[in-house]
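Protein chains in written order, with the numbering used here: chain A, 4 to 411; chain B, 216 to 538.
All residues carry an ideal CB built from backbone N, CA and C; glycine is no exception.
Keep in mind it's a predicted model, so treat the numbers as computed, not measured.
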């Protein structure tokens with residue numbers, strides 16, 4: 004490496020956070036990262052890293068110093084060509100970020116999406132009914148965590164049926180591409196032209212239904228609140244950021260319950276805990292593990308001077324397990340107030356779809372809590388490796404349906 | 216300092232200190248506001264305003280006209296309105312540096328939307344929201360012009376800052392240029408120029424007439440006269456009935472509704488705690504909320520059926536929430 008650390012006192016590590024071992028279980032590395040210091044230098048990638056809650060939360064908040072427009076992956080857009088036109092939300096700074104953000108904040112706001120709750124509950128009931136009718140053992144990832152968002156979200160956006168099978172592979176590649184150009188990225192590369200074209204075709208005004216989020220985005224272009232050129236890219240943001248994330252968020256909460264039967268019993272006693280349960284699972288598992296920022300000026304953090312123009316890897320998952328911030332951070336606990344976790348990010352880029360994610364999760368969990376007395380892991384679980392996401396490939400579970408549950 | 220920063224410090228009413236008060240022009244002063252502990256202030260976008268609660272309890276709204284790349288300071292500019300209701304009189308002649316003011320918001324009902332061309336039209340103190348808009352338009356490489364009307368140069372604030380923009384800015388003081396009307400200067404209808412206007416009612420009405428047959432969405436206006444906030448902001452305690460929990464909690468002036476609910480042992484999910492993310496939204500079943508968030512539009516506020524208890528309070532002595 005040709006890297007020069009401006010401050011020789013900064014701790015450094017040779018560990019590759021995107022290696023197979025760390026992706027399989029990032030917790031030991033994250034613990035070492037937090038212990039090493041508030042800012043750690045990653046030798047392999049010539050970047051800085053933050054793993055403690057205080058610094059991560061503060062840096063996410065300080066968009067003036069830690070910008071997103073140079074990319075939120077390892078690639079520095081000031082020097083390298085992005086693999087696709089950058090996101091108008093995730094990979095943008097004010098003032099360019101303002102109008103797209105304001106629009107999605109409105110369209111995806113809690114009051115706007117409240118009207119979806121009823122039909123999503125019906126969808127959840129139907130899905131759970133179908134799954135349970137096939138038997139008491141199933142894969143919680145394929146049959147619930149992936150099936151439910153794919154059932155409700157594309158309809159809410161209003162995209163056509165054709166091409167929906169490309170949503171998960173496209174999202175998987177997009178989240179891999181925030182990491183280094185490793186084998187995970189190489190594996191996805193051959194399908195990029197095909198997947199990108201498929202996703203782009205679903206963002207066009209003429210293919211979208213007239214009442215979904217997509218149509219509302221195009222209506223905003225008609226009002227002049229965004230430009231016509233921005234509209235398809237904003238729809239693309241929903242399709243990239245709204246599927247894999249919620250699938251893994253749901254998988255996280257189902258895994259947490261399957262391995263914490265006492266917490267499941269609490270949820271059954273009080274289904275109103277479903278929202279808290281989901282946020283606690285997002286804290287606990289952090290489906291989005293990491294994002295980069297780039298410094299816009301020299302900045303001192305925790306005794307380390309980070310020069311202008313440098314990439315910093317923010318470990319959201321590590322911050323969410325930082326014992327400096329959380330009591331018993333490695334416990335999934337519905338008694339905890341998970342507010343303030345950085346699993347959705349923080350500040351002006353905080354997940355604009357978080358209310359959608361919570362609504363998906365709470366509708367599904369409330370239906371499951373009514374239908375299922377116990378849920379346990381009944382076979383070997385398998386992680387899915389992604390450079391950014393903490394994901395599951397397979398979660399075999401066995402459930403006992405509740406005595407009050409009657410199939411329609 | 217860096218690691219001490221924490222957004223959870225933004226309580227229901229952010230108390231800010233007047234760190235500078237400057238004379239800008241005849242009848243115009245600017246105030247610089249900062250957190251007493253030097254913390255970041257909530258983020259804002261061009262066109263945003265804040266609610267300023269003066270020590271007498273009256274509440275006034277002022278456009279933010281500073282630089283949002285400076286996260287630690289807000290700047291507002293205040294015109295001395297001689298026939299006003301006392302707010303500007305106090306700011307001009309009573310308020311001193313070092314005074315603490317309660318501030319709500321920021322909120323934005325006058326958003327800058329993207330465009331390749333802008334025409335900004337300001338009358339008098341209506342220049343304030345235009346300054347951050349111009350900064351943004353300039354950064355985005357837009358083709359923009361500012362028409363700035365005033366009685367005389369002596370009464371027109373920010374002429375020094377605007378000079379940096381050269382001939383994109385046209386200063387139109389009535390006493391020098393003669394009474395030139397907006398219609399002489401705006402020119403013919405355009406299909407690709409977004410027009411932002413802020414100023415006295417007379418100016419807004421004139422521009423609205425001129426642009427009556429323009430394509431919708433091109434003209435965007437804000438009335439700069441401080442709008443009444445409805446009922447006065449309480450500085451005493453009030454009760455909040457939690458309908459589902461079957462509890463009533465008393466909210467003291469120094470705690471937020473959210474904190475009072477949580478202290479009563481009722482769980483409520485929150486995130487930003489500054490009235491920007493919307494996570495803690497609750498349905499209001501009774502009473503009138505005193506909205507202090509950055510999310511609701513004026514229409515939403517008028518409906519009064521929801522609120523964000525991390526920042527919003529009560530206008531009356533009782534609120535009933537679906538909690």
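Any C-beta of chain A under 9 Å from that of residue i
i, result
"residue 464 of chain B", "no"
"residue 360 of chain B", "no"
"residue 405 of chain B", "no"
"residue 508 of chain B", "no"
"residue 286 of chain B", "yes"
"residue 488 of chain B", "yes"
"residue 461 of chain B", "no"
"residue 474 of chain B", "no"
"residue 330 of chain B", "yes"
"residue 494 of chain B", "yes"
"residue 344 of chain B", "no"
Span separating the alpha-carbon of residue i from that of residue j
i, j, result
"residue 273 of chain A", "residue 393 of chain A", "28 Å"
"residue 295 of chain A", "residue 50 of chain A", "9 Å"
"residue 375 of chain A", "residue 263 of chain A", "14 Å"
"residue 149 of chain A", "residue 253 of chain A", "8 Å"
"residue 503 of chain B", "residue 276 of chain B", "20 Å"
"residue 216 of chain A", "residue 104 of chain A", "14 Å"
"residue 154 of chain A", "residue 325 of chain B", "37 Å"
"residue 196 of chain A", "residue 499 of chain B", "50 Å"
"residue 19 of chain A", "residue 47 of chain A", "7 Å"
"residue 214 of chain A", "residue 30 of chain A", "43 Å"
"residue 526 of chain B", "residue 343 of chain A", "16 Å"
"residue 226 of chain B", "residue 507 of chain B", "Residue placement at residue 226 of chain B is flagged as unreliable, the pLDDT there being 33, under the threshold of 50; a coordinate-derived value is accordingly withheld."
"residue 146 of chain A", "residue 366 of chain A", "16 Å"
"residue 180 of chain A", "residue 233 of chain A", "22 Å"
"residue 372 of chain A", "residue 267 of chain A", "8 Å"
"residue 274 of chain B", "residue 511 of chain B", "18 Å"
Opening and closing residue of the alpha helix (DSSP H) in which residue i lies
i, result
"residue 350 of chain B", "345 to 354"
"residue 174 of chain A", "170 to 179"
"residue 57 of chain A", "56 to 64"
"residue 252 of chain A", "247 to 261"
"residue 358 of chain B", "Not the alpha helix (DSSP H): residue 358 of chain B falls in the beta strand (DSSP E), residues 358 to 365."
"residue 456 of chain B", "Note, residue 456 of chain B: premise wrong, no alpha helix (DSSP H); beta strand (DSSP E) at 453 to 457."
Bridge partners - residue i, DSSP secondary structure assignment
i, result
"residue 248 of chain B", "B:233, B:289"
"residue 297 of chain B", "For residue 297 of chain B, which the question treats as bridged, DSSP gives no partner whatsoever."
"residue 521 of chain B", "B:498"
"residue 274 of chain B", "B:268"
"residue 397 of chain A", "A:385"
"residue 315 of chain A", "A:51, A:296"
Cβ of residue i within 9 Å of any chain B Cβ
i, result
"residue 357 of chain A", "yes"
"residue 239 of chain A", "no"
"residue 220 of chain A", "no"
"residue 308 of chain A", "no"
"residue 343 of chain A", "yes"
"residue 97 of chain A", "yes"
"residue 248 of chain A", "no"
"residue 105 of chain A", "yes"
"residue 385 of chain A", "no"
"residue 88 of chain A", "no"
"residue 123 of chain A", "no"
"residue 64 of chain A", "yes"
"residue 225 of chain A", "yes"
"residue 243 of chain A", "no"
"residue 108 of chain A", "yes"
"residue 414 of chain A", "This structure cannot settle anything about residue 414 of chain A, because the visible part of chain A is limited to 4 through 411."
First through last residue of the beta strand (DSSP E) which encompasses residue i
i, result
"residue 379 of chain A", "375 to 380"
"residue 142 of chain A", "140 to 142"
"residue 321 of chain B", "315 to 323"
"residue 302 of chain A", "302 to 304"
Any C-beta of chain C under 9 Å from that of residue i
i, result
"residue 114 of chain A", "Annotation note: the requested chain C is absent from the structure, which comprises protein chains A and B."
(Q) Quick check: the region 406 to 415 of chain B against the region 315 to 332 of chain B, are at least 3 beta-carbon pairs closer than 8 Å? (A) yes
Q: Tell me, please, whether the region 297 to 309 of chain A touches the region 473 to 483 of chain B by the rule of three or more beta-carbon pairs shorter than 8 Å.
A: In this structure the region 297 to 309 of chain A does not touch the region 473 to 483 of chain B; the number of beta carbon pairs closer than 8 Å is below three.
Q: Inspect the CB distances between the region 93 to 107 of chain A and the region 361 to 369 of chain A and report whether three or more fall short of 8 Å.
A: Between the region 93 to 107 of chain A and the region 361 to 369 of chain A, the count of Cβ pairs shorter than 8 Å is below three; the stretches do not touch.
(Q) If contact is defined by three or more beta carbon pairs under 8 Å, each pair taking one atom from either stretch, is the region 299 to 315 of chain B in contact with the region 381 to 388 of chain B? (A) no
Q.
Check whether the region 264 to 271 of chain B and the region 309 to 324 of chain B touch, using three or more Cβ-Cβ pairs below 8 Å as the test.
A. yes
Q. Is there contact between the region 192 to 211 of chain A and the region 275 to 288 of chain A, where contact requires at least three CB pairs shorter than 8 Å?
A. In short, these stretches do not touch, since the Cβ pair count stays below three.
Q: Would you be able to state if there are at least three C-beta pairs under 8 Å between the region 240 to 256 of chain A and the region 284 to 292 of chain A?
A: yes
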